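Asks: With the first letter of the sequence shown counted as 1, position 67 gets the number 548 in my numbering; the numbers rise by one all the way through.
All residues carry an ideal CB built from backbone N, CA and C; glycine is no exception.
Remember, predicted model here, so these are calculated numbers, not experimental data.
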Amino acid sequence: MKPSALLRAASVLSFLYFLGHSAGMPWTPSQGGGATSTVIGFMKSYRFLVLGSERTYWDFYEGFGLTVSVFLLLEAVVLWLLAMLAVKEAHRLRPIVLAYLVANVAQLVLVVRFFFLPPLALSAANTLCLALALWSSRNAATGP
482 MKPSALLRAA SVLSFLYFLG HSAGMPWTPS QGGGATSTVI GFMKSYRFLV LGSERTYWDF
542 YEGFGLTVSV FLLLEAVVLW LLAMLAVKEA HRLRPIVLAY LVANVAQLVL VVRFFFLPPL
602 ALSAANTLCL ALALWSSRNA ATGP
């Protein structure tokens, strides 16, 4: 398979990951039980100073979740743009694809450790696409 097609596939997977992650906001299981609402209540009510700003654990929880969504969307866009460039110059993109691959391997390790099947499947598929894109670009014409 061509590197450009693999990068497009990785882009689509990243976009699906973004959609799924964003749709899960506020990323808490809602069993309707009192324990969940009690924990969330504590997260929202306990305020503390951080470098001159007053925040809660809920602020951090929500903020980090949204930050992850932003970076998943950024990854989807950048991989799509790289796919367009890879049509003619895949060999020049190898360092960038390698950087994304390393980041996605690290993310996959974290997903395996801390999360569940849907993000695991998307993360593993995305990592595989990036690895295959890197591998298939090794034979791309090197040009002048």
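Considering only the beta carbon of each residue, do Trp539 and Met524 sit closer than 7 Å?
Replies: Mapped onto the sequence shown, residue 539 falls at position 58. Mapped onto the sequence shown, residue 524 falls at position 43. Cβ atoms of Trp539 and Met524: closer than 7 Å.
Asks: Measuring CA to CA, which of Leu589, Val593, Ser617 and Ser526 is closest to Thr608?
Replies: Locating residue 608 in the sequence shown gives position 127, counting from the first residue. Relative to Thr608, the option among Leu589, Val593, Ser617 and Ser526 whose CA is nearest is Leu589.
Asks: Check Phe596 in the structure and name its three-state DSSP category.
Replies: Position 115 of the sequence shown, counted from the first residue, corresponds to residue 596. In the structure shown, Phe596 sits in coil (DSSP, three-state: anything other than H, G, I, E or B).
Asks: Report the three-state DSSP secondary structure of Thr509 (helix, strand or coil).
Replies: As a first step, residue 509 is located in the sequence shown; it is residue number 28 there, counting from the start. Thr509: coil per DSSP, three-state reduction.
Asks: My parser needs the alpha helix (DSSP H) runs of 4 or more residues fully inside the segment 501-567; what are they?
Replies: List check, alpha helix (DSSP H) in window: 515-526.
Asks: Could you check if Leu632 is buried or exposed, using at least 16 other CB atoms within 10 Å of its CB as the buried criterion?
Replies: Any question about residue 632 goes unanswered here, given that the chain covers just 482 to 625.
Asks: When the distance is taken between beta carbons, is Leu554 closer than 7 Å to Thr499?
Replies: Taking the sequence shown and counting its residues from 1, the one referred to as residue 499 is at position 18. Taking the sequence shown and counting its residues from 1, the one referred to as residue 554 is at position 73. A quick correction: the sequence has Phe, not Thr, at residue 499. Yes, Cβ-Cβ distance for Phe499 and Leu554 is below 7 Å.
Asks: Where does Lys569 fall in DSSP's three states?
Replies: Taking the sequence shown and counting its residues from 1, the one referred to as residue 569 is at position 88. Helix at Lys569.
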